[in-house]
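Letter 144 of the sequence shown, counting from 1, is numbered 144 in UniProt numbering, and no numbers are missing. Written below as structure tokens is the structure these notes are about.
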Amino acid sequence: MELTIENIEVEVAHQAIVKNVTLKVPDKQTVGLIGANGSGKSTLLKSIYRSISPTKGTIFLDDLNVLKSPTKEVAKHLGVVGQFNELNFDLTVEQMVLLGRTPHKKMMESDNLYDHQRVQEALLRTNLMNYKNRSFISLSGGEKQRVILARTIAQEPQVMILDEPTNHLDIRYQLEILTAVKDLNITTFVALHDLELTASYCDYIYALKDGELIAQGRPEEVLTESLITDIFQVKCQIYENPITKKLGFHYSI
Ligand SMILES: Nc1ncnc2c1ncn2[C@@H]1O[C@H](COP(=O)(O)OP(=O)(O)OP(=O)(O)O)[C@@H](O)[C@H]1O
Numbered sequence: 001m002e003l004t005i006e007n008i009e010v011e012v013a014h015q016a017i018v019k020n021v022t023l024k025v026p027d028k029q030t031v032g033l034i035g036a037n038g039s040g041k042s043t044l045l046k047s048i049y050r051s052i053s054p055t056k057g058t059i060f061l062d063d064l065n066v067l068k069s070p071t072k073e074v075a076k077h078l079g080v081v082g083q084f085n086e087l088n089f090d091l092t093v094e095q096m097v098l099l100g101r102t103p104h105k106k107m108m109e110s111d112n113l114y115d116h117q118r119v120q121e122a123l124l125r126t127n128l129m130n131y132k133n134r135s136f137i138s139l140s141g142g143e144k145q146r147v148i149l150a151r152t153i154a155q156e157p158q159v160m161i162l163d164e165p166t167n168h169l170d171i172r173y174q175l176e177i178l179t180a181v182k183d184l185n186i187t188t189f190v191a192l193h194d195l196e197l198t199a200s201y202c203d204y205i206y207a208l209k210d211g212e213l214i215a216q217g218r219p220e221e222v223l224t225e226s227l228i229t230d231i232f233q234v235k236c237q238i239y240e241n242p243i244t245k246k247l248g249f250h251y252s253i
């Protein structure tokens, strides 16, 4: 399923935060979104999953008009791993992951064997089998992040949006989470701060500055020393990592 965003503008308090953004995430590709703090990444992602209404523009999942379709219809196809995962009420990890099945259920329909199988598979993929009876609010930030990913996997979306999914995660889980997402082999649009992870996991990258897209292309095309200096206001040297053979970055001020 392809995600197509055209001419999206988002204003907050009469100020343009996202300015005329047009982009595409092709079927089964992993596309990254990079930009400094405050550049508008979360706001753009929120407009896709309808947590914020854009003032202008269109968003399509293939030919499904996201901004004009019922939320439940969109949720059958679009999964989200957002930045903040706090709850005011408590659920076990397993119950939390089971919530991912909600878009596929009719009102009052009970959970069936297929739903429970999806939950078990999601718990396995995120290494959470031993946590399934734990209370969600007692978990660490990184554990919560993995539960939210498991919930999204159980949802079986064809398109996934992730806003800084590696926040709170130690190195092992950063790699595990991104690998788990990649293994789903679905259309993925992900905001990331870590440029090495971005370079190794993304097929294509968009760079946002002050709400505008200023570059796009394959990682080695977009991640240049001058672009990184422009976006993040740091000096940067790029090298080939001798072990991974992928892009490595050295920063200084
Ligand atoms: N509800 C709001 N009211 C006022 N300003 C807002 C609101 N939401 C976002 N902004 C502002 O919009 C800008 C973009 O914020 P956004 O969260 O999209 O940035 P970001 O690129 O995701 O940043 P980060 O990397 O820090 O997560 C920021 O300057 C932020 O302060």
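Think of the CB as a built atom: it goes at the ideal place given N, C-alpha and C, for glycine as much as any other residue. On a predicted model such as this, the values are computed, not experimentally measured, just so you know.
In this structure, how does DSSP classify alanine 13 when only helix, strand and coil are distinguished? Residue state for alanine 13 is assigned as coil, using DSSP reduced to three classes.
Beta carbon nearer than 6 Å to a non-hydrogen atom of ligand 1: Val12, Ala13, Ile17, Gly35, Asn37, Gly38, Ser39, Gly40, Lys41, Ser42, Thr43
Could you please give the first and the last residue of the uninterrupted beta strand (DSSP E) stretch that includes glycine 57? 56 to 61
On the criterion of 16 or more Cβ atoms from any shown chain inside 10 Å, does leucine 26 qualify as buried, or is it exposed? Per the sequence shown, the amino acid found at residue 26 is proline instead of leucine. By the 10 Å Cβ count, proline 26 comes out exposed.
Just reading off the beta strand (DSSP E) that glycine 40 is part of, what are its end residues? Looking at the DSSP string, glycine 40 is not in any beta strand (DSSP E), and its letter there is neither H nor E.
Any idea which residues DSSP pairs lysine 24 with across the strands? Within the DSSP secondary-structure output, lysine 24 pairs in a beta bridge with Thr4.
Would you list, in sequence order, the uninterrupted alpha helix (DSSP H) runs of no fewer than 4 residues that lie entirely inside the stretch 129 to 162? Within the stretch 129 to 162, the runs of alpha helix (DSSP H) at least 4 residues long that lie entirely inside it are, in chain order, 141 to 154.
Kindly give me the distance between the Cβ atoms of aspartate 194 and threonine 166, rounded to whole angstroms, as I take these residues to be in contact under 8 Å. 7 Å
Once DSSP output is grouped into helix, strand and coil, what is the label at isoleucine 48? helix
By DSSP, does valine 80 sit in helix, in strand, or in coil? Collapsing the DSSP output to three states places valine 80 in a strand.
Range covered by the alpha helix (DSSP H) that runs through glutamine 117: 113 to 125
In the structure shown, what three-state DSSP assignment does threonine 224 receive? Looking at threonine 224 - three-state DSSP - the assignment turns out to be coil, as it is neither helix nor strand.
Return the first residue and the last residue of the alpha helix (DSSP H) that valine 181 is part of. 171 to 184
Taking Cβ to Cβ, would you say alanine 191 is nearer than 7 Å to aspartate 170? Going by C-beta atoms, alanine 191 is not nearer than 7 Å to aspartate 170.
Could you tell me whether any non-hydrogen atom of ligand 3 is closer than 6 Å to the CB of glutamine 15? Absence of ligand 3 is noted for the structure shown, with ligand 1 being the only ligands found.
Is DSSP giving histidine 104 helix, strand or coil here? helix
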